[in-house]
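Residue numbers (this note's numbering), protein chains in the order written: chain A, 331 to 910; chain B, 331 to 910. All C-beta atoms, glycine included, are put in the ideal place defined by N, C-alpha and C. In what follows, a structure is listed as structure tokens, so that the remarks can point back to it.
Protein chains: 2
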Amino acid sequence: MRQSHRFGITLKEAPKDAQTAAHKLLLRAGYIRPAAPGLHVIMPYLLRVLKRLARMFRVELNARWFEELALPMLQPRMLWDEPETKEQSAQSDGAVFTFKDRRGNILGIGAAGGPLLAAVAGKEIRSYKDLPRRIFQIEKQVCDDLDSRSALFNDREFLALDAFSLDADETAAEASYQTVTAAFDAVCRQAGLSYRCVEADPGAEAACGRHAFVALADSGDQTLLICDACGYAATQIAARSRLDVFPQDAAMKPMEALHGPGLIGVGPLAEFIGIPVWKTTKTLLFQADDRVVAVMVRGDCDVNEEKVKRQLKCRELTLASAQVIRELTGAEVGYAGGVGLPDRIIVLADHFTRERVNFECGANRTDYHNINVNWGRDLPLPTFGDFKAAQPGELCARCDQGRLRQARGIGIGSLSQLGPSASAKSPLACQGKAGTSQPVWMGSYRMNLNRLAAAVVEQHHDDAGIRWPAAVAPFQVHLIGLNLEDEGVRNEAERIYRQLLEEKMDVLFDDRDARAGEKFSDSDLLGIPLRLTLSKRTAKEGKLELKLRASPQSELVTPADALEAVRTGCQPEPERLPPP
Amino acid sequence: MRQSHRFGITLKEAPKDAQTAAHKLLLRAGYIRPAAPGLHVIMPYLLRVLKRLARMFRVELNARWFEELALPMLQPRMLWDEPETKEQSAQSDGAVFTFKDRRGNILGIGAAGGPLLAAVAGKEIRSYKDLPRRIFQIEKQVCDDLDSRSALFNDREFLALDAFSLDADETAAEASYQTVTAAFDAVCRQAGLSYRCVEADPGAEAACGRHAFVALADSGDQTLLICDACGYAATQIAARSRLDVFPQDAAMKPMEALHGPGLIGVGPLAEFIGIPVWKTTKTLLFQADDRVVAVMVRGDCDVNEEKVKRQLKCRELTLASAQVIRELTGAEVGYAGGVGLPDRIIVLADHFTRERVNFECGANRTDYHNINVNWGRDLPLPTFGDFKAAQPGELCARCDQGRLRQARGIGIGSLSQLGPSASAKSPLACQGKAGTSQPVWMGSYRMNLNRLAAAVVEQHHDDAGIRWPAAVAPFQVHLIGLNLEDEGVRNEAERIYRQLLEEKMDVLFDDRDARAGEKFSDSDLLGIPLRLTLSKRTAKEGKLELKLRASPQSELVTPADALEAVRTGCQPEPERLPPP
Numbered sequence: 331m332r333q334s335h336r337f338g339i340t341l342k343e344a345p346k347d348a349q350t351a352a353h354k355l356l357l358r359a360g361y362i363r364p365a366a367p368g369l370h371v372i373m374p375y376l377l378r379v380l381k382r383l384a385r386m387f388r389v390e391l392n393a394r395w396f397e398e399l400a401l402p403m404l405q406p407r408m409l410w411d412e413p414e415t416k417e418q419s420a421q422s423d424g425a426v427f428t429f430k431d432r433r434g435n436i437l438g439i440g441a442a443g444g445p446l447l448a449a450v451a452g453k454e455i456r457s458y459k460d461l462p463r464r465i466f467q468i469e470k471q472v473c474d475d476l477d478s479r480s481a482l483f484n485d486r487e488f489l490a491l492d493a494f495s496l497d498a499d500e501t502a503a504e505a506s507y508q509t510v511t512a513a514f515d516a517v518c519r520q521a522g523l524s525y526r527c528v529e530a531d532p533g534a535e536a537a538c539g540r541h542a543f544v545a546l547a548d549s550g551d552q553t554l555l556i557c558d559a560c561g562y563a564a565t566q567i568a569a570r571s572r573l574d575v576f577p578q579d580a581a582m583k584p585m586e587a588l589h590g591p592g593l594i595g596v597g598p599l600a601e602f603i604g605i606p607v608w609k610t611t612k613t614l615l616f617q618a619d620d621r622v623v624a625v626m627v628r629g630d631c632d633v634n635e636e637k638v639k640r641q642l643k644c645r646e647l648t649l650a651s652a653q654v655i656r657e658l659t660g661a662e663v664g665y666a667g668g669v670g671l672p673d674r675i676i677v678l679a680d681h682f683t684r685e686r687v688n689f690e691c692g693a694n695r696t697d698y699h700n701i702n703v704n705w706g707r708d709l710p711l712p713t714f715g716d717f718k719a720a721q722p723g724e725l726c727a728r729c730d731q732g733r734l735r736q737a738r739g740i741g742i743g744s745l746s747q748l749g750p751s752a753s754a755k756s757p758l759a760c761q762g763k764a765g766t767s768q769p770v771w772m773g774s775y776r777m778n779l780n781r782l783a784a785a786v787v788e789q790h791h792d793d794a795g796i797r798w799p800a801a802v803a804p805f806q807v808h809l810i811g812l813n814l815e816d817e818g819v820r821n822e823a824e825r826i827y828r829q830l831l832e833e834k835m836d837v838l839f840d841d842r843d844a845r846a847g848e849k850f851s852d853s854d855l856l857g858i859p860l861r862l863t864l865s866k867r868t869a870k871e872g873k874l875e876l877k878l879r880a881s882p883q884s885e886l887v888t889p890a891d892a893l894e895a896v897r898t899g900c901q902p903e904p905e906r907l908p909p910p
Numbered sequence: 331m332r333q334s335h336r337f338g339i340t341l342k343e344a345p346k347d348a349q350t351a352a353h354k355l356l357l358r359a360g361y362i363r364p365a366a367p368g369l370h371v372i373m374p375y376l377l378r379v380l381k382r383l384a385r386m387f388r389v390e391l392n393a394r395w396f397e398e399l400a401l402p403m404l405q406p407r408m409l410w411d412e413p414e415t416k417e418q419s420a421q422s423d424g425a426v427f428t429f430k431d432r433r434g435n436i437l438g439i440g441a442a443g444g445p446l447l448a449a450v451a452g453k454e455i456r457s458y459k460d461l462p463r464r465i466f467q468i469e470k471q472v473c474d475d476l477d478s479r480s481a482l483f484n485d486r487e488f489l490a491l492d493a494f495s496l497d498a499d500e501t502a503a504e505a506s507y508q509t510v511t512a513a514f515d516a517v518c519r520q521a522g523l524s525y526r527c528v529e530a531d532p533g534a535e536a537a538c539g540r541h542a543f544v545a546l547a548d549s550g551d552q553t554l555l556i557c558d559a560c561g562y563a564a565t566q567i568a569a570r571s572r573l574d575v576f577p578q579d580a581a582m583k584p585m586e587a588l589h590g591p592g593l594i595g596v597g598p599l600a601e602f603i604g605i606p607v608w609k610t611t612k613t614l615l616f617q618a619d620d621r622v623v624a625v626m627v628r629g630d631c632d633v634n635e636e637k638v639k640r641q642l643k644c645r646e647l648t649l650a651s652a653q654v655i656r657e658l659t660g661a662e663v664g665y666a667g668g669v670g671l672p673d674r675i676i677v678l679a680d681h682f683t684r685e686r687v688n689f690e691c692g693a694n695r696t697d698y699h700n701i702n703v704n705w706g707r708d709l710p711l712p713t714f715g716d717f718k719a720a721q722p723g724e725l726c727a728r729c730d731q732g733r734l735r736q737a738r739g740i741g742i743g744s745l746s747q748l749g750p751s752a753s754a755k756s757p758l759a760c761q762g763k764a765g766t767s768q769p770v771w772m773g774s775y776r777m778n779l780n781r782l783a784a785a786v787v788e789q790h791h792d793d794a795g796i797r798w799p800a801a802v803a804p805f806q807v808h809l810i811g812l813n814l815e816d817e818g819v820r821n822e823a824e825r826i827y828r829q830l831l832e833e834k835m836d837v838l839f840d841d842r843d844a845r846a847g848e849k850f851s852d853s854d855l856l857g858i859p860l861r862l863t864l865s866k867r868t869a870k871e872g873k874l875e876l877k878l879r880a881s882p883q884s885e886l887v888t889p890a891d892a893l894e895a896v897r898t899g900c901q902p903e904p905e906r907l908p909p910p
């Protein structure tokens, strides 16, 4: 490519609303342009990066028996929603953009492809012998996201890889899940990304587990908890941790109700009573669909509502209103406890409240707190489980050795094992070995290529600009011609350019009528891994200046040596190869 | 690829609603699956065809200095519409799907990319020195089309190539237009398409002309008029023709009004008066925005409303109501004529009404017809122009030799020269040579790759299935293994398959556990150009059966000869090469 034909200019300053390094650099280098809130034009050179990434995914997935297809973006509402439960208005509904077509039918864009794929697969897969089937698409997707603060991280439109696996049983489904994980790992590694595949909250759909691919970056929108001892990593919402356990009293003491008005928070409460905070208990009342639930965690913890929702399999979970609390506990907000709650209230308690002897909890009486409370004696045994929010500094629940540390990252992909029923509305089934119908196990996997590209920039840049890893760089070589008004230099530059093209190198030739300083600063900003500069000075010696973007040094080399360096240092696009 | 892993089955019968051969065959062969009215899943093997087409366009456009980018699909309404003139309701608006996002802003999908591109280009192009710039994208597009009768012809979602040229003046703009035409020609020729690049109605936007690429097919939705003498071709709406001219009377006769009640149509009228039909005149009154216009054409012709609209530069043109006609002519509908119309009515008359002496027209008096009417004497000279609809059998207006014949075709693409102002709302300008602002000329070009693929099928099939031309075929070779339960045959088949893969051939290996008859009929249906069959019988002789899909003959050849035939007969994917 000749830079003189480039559609897109470089900017000295990034617009003020650009906050992350990736956003600033992508804008300054002319890789993206704003089109509307949360929407960008992908300019030609960034499209090359996205196409490289797409090709890397194709190579990895094709090698693992995945076939590529294209699902329609427009979907009839029946595929992704229950029309009877929502009003038929044509406006954006969650992350899906909803509208009416000319016939008056409701359509949407932005819905997950799984239900549509399941509907199609139902007719293509007749028997267990037709399984496994592995399918993917790489298409633009949209999502009506309110929080589009940083370019490409949260854009409402992005290039997405969506893969699906259809398997006959759990073992095969797990193998598919692992093979997609391996494919994603391969691409992220090649792209030079520092990332983690972390446990994520399974949400409502992923009956059998979910993971997220997260690129590590302080500017990211995801909070992770990581154990450096065993490698366990999870999103904060999904993370499991162990609390420090303390020696307990040998004998139970009689329960007492203490008068302690106006104590806000467990700290002042513990101090007032003269006990450690871990002996206090937080009891929160929730409205879970049409039930009321009490959740008890140790005073030094918070309730993780997602874990509670999963335990209860409820759709909505909200804190109970003051009025409901008053009716059920007979006390103002802040004094709820496990003792003496009405029978119809389900009580959940975190594992780490269990072993305590003589603990504190609210007395269900305004201004009063029970102390020396004990399970079984003062209140019935609740349903114990993992209901607390994990915090940095707590022990890893997997290895019990390391302490979790907090990190931030950019969510770039997810894997969901949907289990034996892809869609509750129309479960996918096929003929089994015994001749009877058996369910098909479905897995659903997504990578957001825009976020992936932005994460690479976020991790690979310096003050002067981007430093693309070779595997994802828009070009492999930046050939800079200086003093091109000199016919000899011009001819030599053109000759080298042609030679690089003949070697099938992705080369960008800066043949513009611009000053050396501008060319170099644009080159640093663009971030192509290898730079060759030809000027009157170097041409006189029959040489070129060779410089790696990642290194401050440069050296003078002959054209032949330059070509050799390009050949060894560059990563041409991976070839599409079918599986064996 | 191994056919045993294929996602998609073949069908014995096409669904009843499939009407065209392409629709039936694409469904039966498993290339597409219906998803909703006017929407299809592009199954894996058809996606390979579309990708081949996309790559062919990329190669041709890259070689002509076009850079690829990706515009967002979601567009804020201000870019494609005047919010103040339409109600802010979130429903489909013309071909654009319109909806509100979570913020309450109106967005649309399906709008043309031109205005958005012009808005972006306004900031990237500062001076005439930054021109020309040539840009394209190959992305999914949507269109809220009511008439989705045949698969892929009128699908509401399709893969589209959208190209744009930005030039400094008319000469450069015309060169860009020609270069895109050449690129489109190159792809259509390679794809084995029988097509025409025809003059099309410029519509409201294309100030300086428009052409359409139309694949010839009787099942097509476009009507063309073609002159076989000079090659002129146009859509029926845009076509220009010459009428046969007849000898005229030497002298004018006195005008008379004849009483002729109840004469419906020019035939009975001419018979009643005793004149040839070409002496009669059709005068139609139109409401053109806020004006009333009379349009006169020869009685044997019809008015072409698009030509009238273009002449008047009006937005809306509708036949005047009976009441308006009564008020203006003083007569019932059917008796309007050019003589004695109120002055404020604009009168347009077709060229071919001009040379007539002593013609007929309505008398603006119920039941009366004027005869022996003459321009200048009985009525003022109107604005003459081409206002009639061209009909098959008429003389070609370009060469004046051939007679137009009618043909039908599938519209697959269009080219529009938008002229010096891409968007009336925000004309694109840059700094000119003299330092003052000068307009940028914009051209806009589109190809619908789905329609192109379907047109190829419509033109290349027989009763047994599709016959893909090699350049667009999903695979180049179909390797069919029979008697694979025999270990020797299986090993030999696997060896040949691996060898074809190593030669980088697009090969589909039918390794399924199915009978020979099923494999052959599926192979004919899929339509891969070259078939190699290995069976126990051929393996015994150390040979393969080689058969071209397009030929009934087959021959036994050695594996080495088969490979040589594949090498010479196949068209590997074109390589992406940048321009010089």
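- Message: Just to confirm before moving on: does the CB-CB distance between B:L399 and B:F488 stay below 9 angstroms?
- Response: For the purposes of this step, residue 399 of chain B is taken as residue 69 along the second sequence, with counting starting at 1. For the purposes of this step, residue 488 of chain B is taken as residue 158 along the second sequence, with counting starting at 1. No; because the gap between Cβ atoms is not below 9 angstroms, this pair is not in contact.
- Item | Distance between beta carbons of A:L447 and A:L491, contact taken as under 8 angstroms | As a first step, residue 491 of chain A must be located in the first sequence, where it is residue number 161. As a first step, residue 447 of chain A must be located in the first sequence, where it is residue number 117. In fact, because the Cβ distance is near 14 angstroms, the residues do not count as touching under 8 angstroms.
- Message: Rounded to the nearest angstrom, what separates B:V622 and B:Q508 at their Cα positions?
- Response: Working through the second sequence from its first residue, we reach residue 622 of chain B at position 292. Working through the second sequence from its first residue, we reach residue 508 of chain B at position 178. Looking at the two C-alpha atoms, the distance is approximately 39 angstroms.
- What span of residues does the alpha helix (DSSP H) with A:G818 cover, start to end? Position 488 of the first sequence holds residue 818 of chain A. Element bounds for A:G818: 817-832.
- Of the residues that make up the region 461-474 of chain B, which ones have a beta carbon closer than 9 angstroms to any beta carbon in chain A? P462, R463, R464, I465, Q467, E469, K470, V472, D474
- The alpha helix (DSSP H) with B:H589 in it runs from where to where? The residue you call residue 589 of chain B lines up with position 259 of the second sequence. Element bounds for B:H589: not the alpha helix (DSSP H) but the beta strand (DSSP E), 586-589.
- Query: Grouping DSSP H, G and I as helix and E and B as strand, with all else coil, what is B:P413?
  - Reply: Here residue 413 of chain B refers to the residue found at position 83 when the second sequence is read from its first residue. In this prediction, B:P413 has a pLDDT of 44, which is less than 50 and means its spatial position is unreliable; what the coordinates show is noted afterwards. Correct three-state label for B:P413: helix.
- Cβ of B:Q736 less than 9 angstroms from any chain A Cβ? In the second sequence, counting from the first residue as 1, residue 736 of chain B sits at position 406. Not one chain A Cβ lies under 9 angstroms of B:Q736.
- Query: Taking the Cβ atom as the reference point for each residue, do B:A711 and B:L725 lie within a distance shorter than 9 angstroms?
  - Reply: Here residue 711 of chain B refers to the residue found at position 381 when the second sequence is read from its first residue. Here residue 725 of chain B refers to the residue found at position 395 when the second sequence is read from its first residue. Checking the sequence, you will find Leu at residue 711 of chain B rather than Ala. No; because the gap between Cβ atoms is not below 9 angstroms, this pair is not in contact.
- How should A:T659 be labelled, buried or exposed, when 16 other C-beta atoms within 10 angstroms of its C-beta is the threshold for buried? As a position in the first sequence, residue 659 of chain A is number 329, starting the count at 1. A:T659 is buried by the Cβ-count criterion.
- Message: Could you check whether A:N813 and A:S865 sit closer than 9 angstroms to each other, using their CB atoms as the reference points?
- Response: The sequence position of residue 865 of chain A within the first sequence is 535, counting from 1. The sequence position of residue 813 of chain A within the first sequence is 483, counting from 1. The answer is yes: Cβ separation under 9 angstroms.
- Over what stretch of residues does the beta strand (DSSP E) that includes B:E529 continue unbroken? Taking the second sequence and counting its residues from 1, one reaches residue 529 of chain B at position 199. Counting along the chain, the beta strand (DSSP E) containing B:E529 begins and ends at 525-529.
- Message: So for B:L864, helix, strand or coil by DSSP?
- Response: As a position in the second sequence, residue 864 of chain B is number 534, starting the count at 1. Three-state result, B:L864: strand.
- Query: On the three-state DSSP scale, how would you describe B:K612?
  - Reply: Within the second sequence, residue 612 of chain B is the residue found at index 282, counting from 1. Note: B:K612 maps to strand in three-state DSSP.
- Item | First and last residue of the uninterrupted alpha helix (DSSP H) at A:C518 | Position 188 of the first sequence holds residue 518 of chain A. Segment 500-520, the alpha helix (DSSP H) holding A:C518.
- Message: Does any residue of chain B have a CB that is nearer than 9 angstroms to the CB of A:S422?
- Response: One-based indexing of the first sequence puts residue 422 of chain A at position 92. Residue placement at A:S422 is flagged as unreliable, the pLDDT there being 46, under the threshold of 50; a coordinate-derived value is accordingly withheld.
- Message: Quick check on B:E636 - is its C-beta less than 9 angstroms from some C-beta in chain A?
- Response: Your numbering for residue 636 of chain B matches position 306 in the second sequence. For B:E636, the answer is no, since every Cβ of chain A falls outside 9 angstroms of its Cβ.
- Message: Can you look up A:S744 in the DSSP assignment and give me helix, strand or coil?
- Response: Here residue 744 of chain A is taken as the residue at index 414 of the first sequence, counted from 1. In the structure shown, A:S744 sits in a strand (DSSP, three-state: E or B).
- Coil, strand or helix - A:I339 by DSSP: Counting from 1 along the first sequence, the entry for residue 339 of chain A is found at position 9. Reduced to three states, the DSSP call for A:I339 is coil.
- How big is the Cα-Cα spacing for B:V663 and B:R463? Residue 663 of chain B sits at position 333 when you count from the first residue of the second sequence. Residue 463 of chain B sits at position 133 when you count from the first residue of the second sequence. C-alpha separation (whole angstroms): 54 angstroms.
- Bounding residues of the beta strand (DSSP E) (the contiguous stretch that carries A:L876): Within the first sequence, numbered from 1, the residue matching residue 876 of chain A stands at position 546. Counting along the chain, the beta strand (DSSP E) containing A:L876 begins and ends at 874-878.
- Within 9 angstroms, strictly: CB atoms of A:T713 and A:A679: Taking the first sequence and counting its residues from 1, the one referred to as residue 713 of chain A is at position 383. Taking the first sequence and counting its residues from 1, the one referred to as residue 679 of chain A is at position 349. Yes; because the gap between Cβ atoms is below 9 angstroms, this pair is in contact.
- Query: Just to confirm, does B:A679 get its C-beta within under 8 angstroms of one of the non-hydrogen atoms of the ligand SAH?
  - Reply: With respect to the ligand SAH, the structure offers nothing, as it holds no ligand at all.
- Item | Proximity to B:L461 [Cα-Cα], best of B:K453, B:A442, B:L496 | Counted from its first residue, the second sequence places residue 461 of chain B at position 131. Out of B:K453, B:A442, B:L496, B:L496 has the C-alpha closest to the C-alpha of B:L461.
- Could you check how far apart the C-beta atoms of A:L404 and A:L437 are, in whole angstroms? I think they sit under 8 angstroms. Sequence index remark: in the first sequence, residue 404 of chain A carries index 74 (1-based). Sequence index remark: in the first sequence, residue 437 of chain A carries index 107 (1-based). That pair is a contact at about 5 angstroms.
- Considering only C-alpha positions, which residue in the set B:E469, B:A344, B:A365 is nearest to A:I372? Reading the first sequence from its first residue, position 42 is the one you call residue 372 of chain A. If we check each option's Cα against that of A:I372, B:E469 comes out closest.
- Message: Taking 6 angstroms as the limit between beta carbons, can you name the residues of its chain near A:F602, skipping five residues before and five after?
- Response: Here residue 602 of chain A refers to the residue found at position 272 of the first sequence. Result list for A:F602: G590, L593, in chain order.
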